[in-house]
Amino acid sequence: MMQQTKLFMSKIGIRGFFSLMGLVMVVCLAVLQMKSLADIQELRLTVPTMKRIEEHNVENDLDTTGRYGKISMDAVYGENIEILRNQKQERRRRHRRAVDDIGPAVDNTTMNQDHKHIYTPTGTGGAVYTRWGRTTCSDDINTEIVYSGIAGGSYYDHPGAAVNTLCLPHEPIWGTHTDGLENYAFVYGAEYHDQSLFKRTNAEALSSHNMPCVVCRSTLRSSTFMLPARNRCFGDWHVEYHGYLMTGHHTHKASSDYICVDEAPEADSSGFRTEYGVLLYRVEAICGSLPCPQYMQGRELTCAICSK
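Each residue of the sequence shown is one higher than the last, beginning at 122 in the numbering used here.
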């Protein structure tokens, strides 16, 4: 091997040897250059795509390779692989942060299946409540009517009656049904049987008139509750309306719930009719188990619908 090397050196000389070494170095540099180009190629970005991104200065846009962000043209044309890799990592970090930020917002939106897009409901509220004794919601621009109807429930003297009072819409929709009474369970309209406390702003007479109702939605507030024994809410809670507690008579067989009837109620347009059904009376405080003098014996309880 040594003899062959000496023979080779004698033929090409010192100058030829160094020329050969230079050629080898050129080949090595070419190989390294190809590796750098391969790294760039790994990004799978065509030059037109790169120019489009550069011209429009698109940030966080999805290019044809499925990657995000703006890539520096100087880094590509200067073959600065380290800059490219750093930018690639930064894009991934930005994308992860964006996904984390948008996650809760997407959860709070509603998917419209018919149109296959996501939309945000109007307003930031959503609190729903029933205004008993009225056909309209408050004058607050942040309140809208869901529907109006008539108050109803069980007959006052039925021992197996349901407890809750309903706000029945004016236009029912029937499902499968049979005509004629089968004596299972019933629903009746509700009548005022006490009118002494209320303002007569919206009705001259209330006794034995049917009670209207309206279901309202606050577009600004998200929580609501009925506050008994107060006509003003606590703290920064907003009063939707206030009035007086009403329920069934304590001697009647049917159980009943407490509802907050507006202080200036309306009478149903059907007029005066004593037909019974749900009969509503004012509620008085009784001392004993109820602490007095905070509460007063025989004093009627107010109420308020509070929202926030």
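For every residue, glycine included, the Cβ atom is placed at its ideal position computed from N, Cα and C. Everything numeric in this text was worked out from a predicted model, so none of it was measured.
Under the three-state reduction of DSSP, which class applies to M417: helix, strand or coil? Residue mapping note: residue 417 aligns to position 296 of the sequence shown, counting from 1. In the structure shown, M417 sits in coil (DSSP, three-state: anything other than H, G, I, E or B).
As assigned by DSSP and simplified to three states, the class of T186: Position 65 of the sequence shown holds residue 186. With a pLDDT of only 44 at T186, under the threshold of 50, the placement of this residue in the model should not be trusted, and no figure is reported.
Start and end of the beta strand (DSSP E) containing I271? Against the sequence shown, residue 271 aligns to sequence position 150. For I271, the enclosing beta strand (DSSP E) starts and ends at T264 to G274.
Give the single residue among F346, P290, T372 and E211 whose Cα lies nearest to the Cα of G310. Walking along the sequence shown from the start, residue 310 turns up at place 189. For G310, the nearest C-alpha among the options comes from P290.
Taking all protein chains shown into account, decide if D228 is buried (16 or more other Cβ within 10 angstroms of its Cβ) or exposed. Here residue 228 refers to the residue found at position 107 when the sequence shown is read from its first residue. Confidence at D228 is low in this model, with a pLDDT of 43, below 50, so its placement is unreliable and the value that follows should be read with caution. Here D228 is exposed: its Cβ has fewer than 16 other Cβ atoms, across all protein chains shown, within 10 Å.
With burial defined as no fewer than 16 other Cβ atoms inside 10 Å of the residue's Cβ, what is the status of A306: buried or exposed? On the sequence shown, residue 306 is found 185 positions in, with the first residue counted as 1. Classification of A306: exposed, given that the 10 Å Cβ count is below 16.
If you drop the 5 nearest sequence neighbours on each side, which residues of the same chain put their C-beta closer than 6 angstroms to that of G246? As a first step, residue 246 must be located in the sequence shown, where it is residue number 125. So the qualifying residues of the chain are S339, T340, L341, R342 and S343.
In or out: R252 buried (at least 16 other Cβ within 10 Å) or exposed? Position 131 of the sequence shown, counting from 1, holds the residue named residue 252. It counts as buried.
Which residue marks the beginning of the beta strand (DSSP E) containing A311, and which one marks its end? Position 190 of the sequence shown holds residue 311. For A311, the uninterrupted beta strand (DSSP E) run begins and ends at Y309 to Y313, by DSSP.
How is the beta strand (DSSP E) around F319 delimited, first residue to last? Locating residue 319 in the sequence shown gives position 198, where the first residue counts as 1. Per DSSP, F319 lies in no beta strand (DSSP E) segment and is marked neither H nor E.
Let's test the definition: count the other Cβ atoms within 10 Å of the Cβ of D357 and tell me whether it reaches 16, buried, or not, exposed. Taking the sequence shown and counting its residues from 1, the one referred to as residue 357 is at position 236. When all chains shown are included, D357 counts as exposed.
Anyone know if the C-beta pair for H371 and D278 falls short of 8 angstroms? Reading the sequence shown from its first residue, position 250 is the one you call residue 371. Reading the sequence shown from its first residue, position 157 is the one you call residue 278. Not closer than 8 angstroms, so no.
Can you give the Cα-Cα distance for N323 and A385, rounded to whole angstroms? Here residue 323 is taken as the residue at index 202 of the sequence shown, counted from 1. Here residue 385 is taken as the residue at index 264 of the sequence shown, counted from 1. About 6 angstroms.
Assuming contact is defined by CB atoms lying nearer than 8 angstroms, are A350 and T395 in contact in what I supplied? For the purposes of this step, residue 350 is identified with residue 229 of the sequence shown, where counting begins at 1. For the purposes of this step, residue 395 is identified with residue 274 of the sequence shown, where counting begins at 1. By the CB criterion at 8 angstroms, A350 and T395 fall outside the cutoff.
Who pairs with N331 in a beta bridge, going by DSSP? Translated into positions along the sequence shown, residue 331 becomes position 210. Its beta-bridge partners are E312.
Can you list, in chain order, the residues of its chain whose CB lies under 6 angstroms from that of A226, leaving out five sequence neighbours each side? Translated into positions along the sequence shown, residue 226 becomes position 105. Note that A226 scores a pLDDT of 43, beneath 50, so its modelled location is shaky; the value from the coordinates is reported in the next line. So the list is empty, once near-sequence residues are dropped.
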